[in-house]
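Q:
There are 2 protein chains.
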Amino acid sequence: MKNELQVFNSYSGKKEVFKPIHEGQVGMYVCGPTVYSDVHLGNCRTFVSFDVVYRYLQYLGYKVRYVRNITDVGHLEGDEDTGREDKIAKKARLEQLEPMEIVQRYMNGFHEMMKVFNVAAPAIEPRATGHIPEQIEMVQTILDNGLAYVKNGSVYFDTFKFAKEKNVYGTLSGRKIEDLIAESRANLKNQDEKNHPSDFAIWIKAAPEHLMRWNSPWSVGFPGWHLECSVMSTKYLGEKFDIHGGGSDLKFPHHENEIAQNYGVCGAAPCNYWLHGNMLLFNGKKMSKSDGNSIMPGELFTGQSSHLTKAYSPMVVRFFMLQSHYSSTLDLTDEALQAAEKGYRRLMEALKVLQEMTHTGGGSAGALDKEINGLIDLASEDMSDDFNTPKALASLFELVTKINSLKGGQLSFSDLTPDTLERLKKTFNDFIFDIFGLLAENFDSSGNGVVDGLMQLILDMRQTARTNKDWGTSDKIRDALKELEIVVKDGKDGATWSKG
Amino acid sequence: MKNELQVFNSYSGKKEVFKPIHEGQVGMYVCGPTVYSDVHLGNCRTFVSFDVVYRYLQYLGYKVRYVRNITDVGHLEGDEDTGREDKIAKKARLEQLEPMEIVQRYMNGFHEMMKVFNVAAPAIEPRATGHIPEQIEMVQTILDNGLAYVKNGSVYFDTFKFAKEKNVYGTLSGRKIEDLIAESRANLKNQDEKNHPSDFAIWIKAAPEHLMRWNSPWSVGFPGWHLECSVMSTKYLGEKFDIHGGGSDLKFPHHENEIAQNYGVCGAAPCNYWLHGNMLLFNGKKMSKSDGNSIMPGELFTGQSSHLTKAYSPMVVRFFMLQSHYSSTLDLTDEALQAAEKGYRRLMEALKVLQEMTHTGGGSAGALDKEINGLIDLASEDMSDDFNTPKALASLFELVTKINSLKGGQLSFSDLTPDTLERLKKTFNDFIFDIFGLLAENFDSSGNGVVDGLMQLILDMRQTARTNKDWGTSDKIRDALKELEIVVKDGKDGATWSKG
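Protein chains in written order, with the numbering used here: chain A, 1 to 500; chain B, 1001 to 1500.
Structure, rendered in structure tokens:
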């Protein structure tokens, strides 16, 4: 089967055939945002990447239970494991707010941004604070299994003992336990509670000023950051599920520690396939606010940044992200966005042209027919090859050339069967909307077609003016549309328009 | 102070001057939706009502911590207190889904609907499942205080003992404990665990098939429905806060039991003011699916209902709700919506006219000036009189008449100072957008003014055609706009348009 789905498994470091645990069903867990500030563009890329994974799995016919969490407690400032103040509580004191007000504000902002990028909502979006009893129970189980120890009210996972018992710790991130110990020894402050520097907290005793706190058998405190994902993935997907995803920056320590915890509880790894999205660079470098080399999603959409020559729409940015493979680094630049905008428009215009195409009947299944069917097959094969969106887009753009040639008359419908035209239409529709999750931005966003209707009237009047050689009117129309950044293109079958 | 805020307190049954516990700050808790089905229009009305309360308190300068919960567990089917299956779990089995998938789907749908109605997000939106440890702690405290008892793993609040100790139970809903006992005796099945029929469960032992369950000192089970609101209001607003709101159907048993629980824990009532929104009727009767006398929000917006002659926009429906006081029943009918649509448009058109008005300078503070200032004052007094939106709207509509007369020339700017015109503009802006939370719907919803720009071009060409007696073109424009439901109105200063 050519179209068998293959995924790159970060754990094995190899591309593997995807085999779900339960036929026809996929359980997928992706690490969601920590909601203590506005969502970064790099996070948006990660969630767009896994949105495409989610959409393509559904397109293949799988029933997907997609769980993406909200981290609303326990992500520590500085040294994640031993610091005594979590990022959310710190922000709360600065703004004189209840921590949950901070959480609510940024969670709402995150949801809005996901909508702007047309990222589909996951099936379940559990919150860390919503699973405190389950986290306390998991800590207890790990203690019972002898892989954790209590020190002054905090509980630490014993990585050293785990590494001795199972030769697993470090596999995902490609690190050796000895190196980890050496590494973290260099940075030892406040780590005196730990038996080994690579150990990590699964329950943390709260300092008196800490606002988020719960009772537990060990102390009034809060769960360690890594714990929540083990708890919520297990609760909603079971002890073993199919796919675990996240940004590549989470490989270590977060995902490595998740694996350790799951072994500590269930004696096995949580999932069969680990997928990691790669970093988003900006002008060739890591984004950094202090260097001034940074941009927020909102700035892209308004163009209010010294790094940009203009504003870019959310769908242009989404298209830009699709032009790269999820596991490759992606460099965001003004030039690259300009190119993406052209590409996005070219694709959407071809879709519009295609939608209006009708086959006159007849038509033979010759070379052109075969070529088009081949490209359609190729697009699916590209997607099944570890969700290779750039390759699938390349296949679609080869089809765009065919579509435009059919429209221009350089290619003939007589070399194409009506079935192939229908298949082409369905493919474009499926890929653009269902798989890539793009939206048609020049359609009136209120959905009532007012802009389309008004433009039809205006183009009609433009045609009449031209026929009557009424240049005054046709100039007036041209100028007004130019001001609204509406581009009119004259073709054989009349004028078409698009929004600049 | 004329403008002192007064609220009708359901607990005392009287209108009272509002005095916040902490100067300049308001803590407000409103019972949110149970997310096991699409949100009903009656709920939408409740949340729109408290949205206006929230907005007006902020307009008065209060810093408001508004908490509105999500009930995602424990709202039982049938007899709320003794049934053994909660509504969410039942739906989950029917649809073969994890209960949290149901919760997520309908919570997302609820959030979308709130956005459609332009209901501002609360500061904190806590979920019942996110506060299990706190609920278990509260059950324990009530047990420790001797106001609850354990029976077969479930815990019941002892209303009889509470009523004997404090003469409070039944005050909010105007019921006597003896009547409650008699009433519920008629409906006794499965109540044998209770000492008294009016007692209610605060912790419920889960039947084996129950999907949502947590460990507790008494059983693996789940919290009683009433408990979550006591827990979450106390956690985020303190043991005593200012305002507790909800639909009038929640007075008994929900709010009555909340009060009992708070006494059981803190020895005092949770809040100083209880506000209750009243019912939404449909064609003069209670909505009922089985009678066919029911309508969902989406059906209003599409017009897909045998009860409607046309579709109504969300802002028309919101305006319709504002035309009635929150504590009165409101009857939704097709005719009333048609009237609301006219009223909404008239208000928004006056706003547009007002925004474009300029004062030529001079102008005396005579009778007209006084009248306008008086109406402006009155609108605020109306709102401060228990959030009386229909009266405030009436004051605004008197001002609309003035605005239209100023535009038409029947009234003169020379009888008005420039300051009063500015005050009028600010008042309309504040009331329409900030207090009433309306949106200008005929503005292009994509926000880029494309529709406005195209309409300007079309009206311009229409004028030219008329001047040239080119009736063919002007007819074509008329027909095309009619099809798009765009209404053009010719006035002294040229044509204006609005979307039908």
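Each residue gets a CB set at the ideal place from its N, CA and C atoms; glycine is no exception.
Looking at the unbroken alpha helix (DSSP H) that takes in GLU349(A), where does it start and where does it end?
A: Here residue 349(A) refers to the residue found at position 349 when the first sequence is read from its first residue. 334-356 is the span of the alpha helix (DSSP H), which, as asked, contains GLU349(A).
Q: Which residues, in order along the stretch 1121-1144 of chain B, keep a beta-carbon less than 9 angstroms from a beta-carbon of chain A?
A: Going along the stretch 1121-1144 of chain B in chain order, one finds ALA1121, PRO1122, ALA1123, ILE1124, GLU1125, PRO1126, ARG1127, THR1129, GLY1130, HIS1131, ILE1132, PRO1133, GLU1134, ILE1136 and GLU1137 with a Cβ nearer than 9 angstroms to chain A.
Q: Is the separation between the beta-carbon of ASP199(A) and that of PHE157(A) shorter than 8 angstroms?
A: As a first step, residue 199(A) is located in the first sequence; it is residue number 199 there, counting from the start. As a first step, residue 157(A) is located in the first sequence; it is residue number 157 there, counting from the start. Yes, the Cβ-Cβ distance between ASP199(A) and PHE157(A) is below 8 angstroms.
Q: Where does LYS1014(B) fall in DSSP's three states?
A: Taking the first residue of the second sequence as position 1, residue 1014(B) is located at position 14. LYS1014(B) falls in the strand class under three-state DSSP.
Q: Can you tell me which residues form a DSSP beta bridge with GLN1025(B)?
A: Residue mapping note: residue 1025(B) aligns to position 25 of the second sequence, counting from 1. Answer by DSSP bridge pairing, in chain order: LYS1063(B).
Q: Within the chosen definition, does the stretch 326-337 of chain A reach the stretch 275-285 of chain A through at least 3 CB pairs nearer than 8 angstroms?
A: They touch, by the three-pair rule.
Q: Can you confirm whether the stretch 1253-1264 of chain B touches the stretch 1294-1302 of chain B when touching is taken to mean that 3 or more C-beta pairs between the two stretches lie within less than 8 angstroms?
A: Because the criterion of three Cβ pairs below 8 angstroms is not met, the stretch 1294-1302 of chain B and the stretch 1253-1264 of chain B do not touch.
Q: Please list the partners that TYR1236(B) has in chain A, where partner means a Cβ-to-Cβ separation under 8 angstroms.
A: Taking the first residue of the second sequence as position 1, residue 1236(B) is located at position 236. By Cβ distance, chain A contributes GLU98 and MET100.
Q: Answer yes or no: do GLN323(A) and ALA340(A) have a C-beta to C-beta separation smaller than 8 angstroms?
A: Here residue 323(A) is taken as the residue at index 323 of the first sequence, counted from 1. Here residue 340(A) is taken as the residue at index 340 of the first sequence, counted from 1. Yes, these two residues count as a Cβ contact at 8 angstroms.
Q: Is any beta-carbon of chain A found at less than 8 angstroms from that of ILE1202(B)?
A: Within the second sequence, residue 1202(B) is the residue found at index 202, counting from 1. Not closer than 8 angstroms to any Cβ of chain A, the Cβ of ILE1202(B) fails to qualify, so no.
Q: Roughly how far, in whole angstroms, is the beta-carbon of THR34(A) from the beta-carbon of LYS91(A), given that I think they are within contact range, below 8 angstroms?
A: In the first sequence, the residue the question calls residue 34(A) occupies position 34. In the first sequence, the residue the question calls residue 91(A) occupies position 91. Not a contact, Cβ separation roughly 11 angstroms.
Q: LEU300(A) CB to nearest chain B CB: under 8 angstroms?
A: Numbered from its first residue, the first sequence carries residue 300(A) at position 300. So no, LEU300(A) is outside the interface.
Q: Could you tell me the alpha carbon to alpha carbon distance between GLY1298(B) and MET113(A), rounded to whole angstroms?
A: Start at 1 with the first residue of the second sequence, and residue 1298(B) comes out as number 298. Start at 1 with the first residue of the first sequence, and residue 113(A) comes out as number 113. Answer to the nearest angstrom: the Cα atoms are 24 angstroms apart.
Q: Taking 6 angstroms as the limit between beta carbons, can you name the residues of its chain near GLU1228(B), skipping five residues before and five after?
A: Residue mapping note: residue 1228(B) aligns to position 228 of the second sequence, counting from 1. Closer than 6 angstroms at Cβ, skipping near neighbours: ALA1128.
Q: Which residues in chain B have a C-beta closer than 7 angstroms to the C-beta of THR467(A)? List them in chain order.
A: If you number the first sequence from 1, residue 467(A) lands on position 467. The premise fails here: THR467(A) is roughly 12 angstroms from chain B at the closest Cβ pair, so nothing lies under 7 angstroms.
Q: Please state whether the Cβ-Cβ distance between ASP1386(B) and VAL1007(B) is less than 8 angstroms.
A: As a first step, residue 1386(B) must be located in the second sequence, where it is residue number 386. As a first step, residue 1007(B) must be located in the second sequence, where it is residue number 7. The answer is yes: Cβ separation under 8 angstroms.
Q: Are THR159(A) and ILE142(A) closer than 8 angstroms when you measure CB to CB?
A: The residue you call residue 159(A) lines up with position 159 of the first sequence. The residue you call residue 142(A) lines up with position 142 of the first sequence. Contact: no.
Q: Quick check: GLY1027(B) and ASP1242(B), are their CB atoms within less than 8 angstroms of each other?
A: Start at 1 with the first residue of the second sequence, and residue 1027(B) comes out as number 27. Start at 1 with the first residue of the second sequence, and residue 1242(B) comes out as number 242. Yes, they are a contact pair.
Q: Give a yes or no on whether the C-beta atoms belonging to CYS1154(B) and SER1248(B) are separated by under 8 angstroms.
A: As a position in the second sequence, residue 1154(B) is number 154, starting the count at 1. As a position in the second sequence, residue 1248(B) is number 248, starting the count at 1. Correcting the residue type first, residue 1154(B) is Ser in the shown sequence and not Cys. Against a cut-off of 8 angstroms, the Cβ pair of SER1248(B) and SER1154(B) comes out as no contact.
Q: Use the C-beta contact count for GLU1258(B): other C-beta atoms within 10 angstroms, 16 or more gives buried, fewer gives exposed.
A: As a working note, residue 1258(B) is residue 258 in the second sequence. By the 10 Å Cβ count, GLU1258(B) comes out buried.
Q: For the beta strand (DSSP E) containing SER1154(B), name the first residue and the last one.
A: Residue 1154(B) sits at position 154 when you count from the first residue of the second sequence. SER1154(B) -> beta strand (DSSP E) spans 1154-1157.
Q: So PRO1270(B) and HIS1244(B) are supposed to be a Cβ contact under 8 angstroms. How far apart are they, rounded?
A: Sequence index remark: in the second sequence, residue 1270(B) carries index 270 (1-based). Sequence index remark: in the second sequence, residue 1244(B) carries index 244 (1-based). Yes, they are in contact, since the Cβ atoms of PRO1270(B) and HIS1244(B) sit about 6 angstroms apart, within 8 angstroms.
Q: Does PHE387(A) come out as helix, strand or coil in the three-state DSSP assignment?
A: Position 387 of the first sequence, counted from the first residue, corresponds to residue 387(A). Three-state result, PHE387(A): coil.
Q: Using a Cβ-Cβ cut-off of 8 angstroms (strictly less than) and excluding sequence neighbours within five positions of TYR54(A), which residues of its own chain qualify?
A: On the first sequence, residue 54(A) is found 54 positions in, with the first residue counted as 1. Contacts found: MET28, VAL64, TYR66, ALA120 and PRO122.
Q: Would ILE1477(B) pass as an interface residue toward chain A - the criterion being a Cβ-Cβ separation below 8 angstroms?
A: The residue you call residue 1477(B) lines up with position 477 of the second sequence. So, interface residue.
Q: So, helix, strand or coil for PHE200(A), using DSSP?
A: Residue numbering aside, residue 200(A) sits at position 200 when the first sequence is read from its first letter. Note: PHE200(A) maps to strand in three-state DSSP.
Q: Under the assumption that LYS489(A) contacts ALA495(A) (Cβ atoms under 8 angstroms), give the Cβ distance between them as a whole number of angstroms.
A: Start at 1 with the first residue of the first sequence, and residue 489(A) comes out as number 489. Start at 1 with the first residue of the first sequence, and residue 495(A) comes out as number 495. That belief holds up - the Cβ atoms of LYS489(A) and ALA495(A) are roughly 7 angstroms apart, short of 8 angstroms.
Q: Run through chain B and tell me which residues come within less than 8 angstroms of LEU60(A), C-beta to C-beta.
A: Along the first sequence, one-based indexing puts residue 60(A) at 60. Those within 8 angstroms of LEU60(A) in chain B number zero; the least Cβ separation is about 20 angstroms.
Q: With DSSP as the reference, label ASN1069(B) as helix, strand or coil.
A: Reading the second sequence from its first residue, position 69 is the one you call residue 1069(B). Coil at ASN1069(B), not helix or strand.
Q: Distance, Cα to Cα, ASN1215(B) vs GLY1221(B)?
A: Numbered from 1 along the second sequence, position 215 holds the residue referred to as residue 1215(B). Numbered from 1 along the second sequence, position 221 holds the residue referred to as residue 1221(B). Distance between the alpha carbons of ASN1215(B) and GLY1221(B): 7 angstroms.
Q: Residues of the stretch 382-411 of chain A in Cβ contact with chain B at a cutoff of 9 angstroms, in chain order, please.
A: Of all residues in the stretch 382-411 of chain A, none has a Cβ within less than 9 angstroms of some Cβ in chain B.
Q: Helix, strand or coil for SER1380(B) per DSSP?
A: For this step, residue 1380(B) is matched to residue 380 along the second sequence. Correct three-state label for SER1380(B): helix.
Q: For LEU1484(B), does the count of other Cβ atoms within 10 angstroms reach 16, so buried, or fall short, so exposed?
A: Position 484 of the second sequence, counted from the first residue, corresponds to residue 1484(B). LEU1484(B) comes out buried.
Q: Count the other CB atoms, across all protein chains shown, that sit within 10 Å of the CB of MET101(A); report buried if there are 16 or more and exposed otherwise.
A: By one-based count along the first sequence, residue 101(A) stands at place 101. Checking the sequence shown, residue 101(A) turns out to be Glu, not Met. Per the 10 Å Cβ criterion, buried.
Q: So, for LEU375(A): in the same chain, excluding its five sequence neighbours on each side, which residues have a beta-carbon less than 7 angstroms away from its beta-carbon?
A: Taking the first residue of the first sequence as position 1, residue 375(A) is located at position 375. Hits under 7 angstroms: SER395, GLU398 and LEU399.
Q: Just reading off the alpha helix (DSSP H) that CYS1271(B) is part of, what are its end residues?
A: In the second sequence, residue 1271(B) corresponds to position 271, counting from 1. From DSSP, CYS1271(B) is part of no alpha helix (DSSP H) but of the beta strand (DSSP E) over 1271-1277.
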